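Numbering (our numbering), first residue to last: 34 to 242. Quick reminder that beta carbons are idealized off the backbone N, C-alpha and C, glycines included. Owing to the predicted nature of the structure, the values given are computational and were not obtained by experimental measurement. The structure appears right after this line, and notes come after that.
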């Protein structure tokens, strides 16, 4: 199958899957707990500064926040189950997904690919398939995003925070101190919360779709 056709299919499956997980596996307590960790719960209200933050909150709640040792994706897999092979593949990839701060080192527009260098680990450079980013993301841009490693290619979860290249040293250093303040022992939770806060103070007002 054509790569772009398959990419679009996975995007459509991902959108539908996120809706089903939200409807069936996210209790009010889970949403409140995730919002509290992110520091956006004021009384009984969740306070957001942008639409981008709303997308990020759901990304965090579905992938990183755990109730009884499971995130919402694992709960969906175990209690409801995948409805087709593509959904099964996507669920498996989402359970292996990870976040980090990346630098765009190259864009290959003809292939709808950007190359990313992981700034927080020694992980090998990543080929990320993304139609929008491959056309708009400049070399040097810093992105905090979630990589979903499918068998065919890597995609994002759809949520990203963008930062200017000259923020690299500050971000790498500051995220460590912010992570230590998070009331969780989970490194993925600590990392996401740290960059959620950094996005409020240092992030660019950019949305990729």
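- Residue 163 holds the alpha-carbon nearest to the alpha-carbon of residue 40 among 172, 132, 163, 87.
- A direct Cα-Cα distance of roughly 9 Å separates residue 158 from residue 135.
- Restricting attention to 139, 78, 201, 81, the CA atom closest to the CA of residue 171 is found in 139.
- In the structure shown, residue 160 falls within a strand segment according to DSSP collapsed to helix, strand and coil.
- In the structure shown, residue 98 adopts coil according to DSSP, grouped into three states.
- By the CB criterion at 8 Å, residue 196 and residue 166 fall outside the cutoff.
- Within the model, the alpha-carbon separation for residue 192 versus residue 105 is close to 17 Å.
- In the three-state reduction of the DSSP assignment, residue 82 falls in the coil class.
- By the CB criterion at 8 Å, residue 187 and residue 156 fall outside the cutoff.
- Look at residue 129 here: in three-state DSSP terms it is coil, with no helix or strand label.
- For residue 150, the enclosing beta strand (DSSP E) starts and ends at 146-151.
- For residue 154, no alpha helix (DSSP H) encloses it, and the DSSP letter there is neither H nor E.
- Assigned with DSSP and collapsed to three states, residue 106 falls in helix.
- With respect to residue 174, residue 137 sits close: the two C-beta atoms are nearer than 8 Å.
- DSSP links residue 195 through a beta bridge to 176, 237.
- With contact defined as three or more Cβ pairs closer than 8 Å, the region 44-55 and the region 122-132 are in contact.
- With a 10 Å radius around the Cβ and a threshold of 16 neighbouring Cβ atoms, residue 92 comes out buried.
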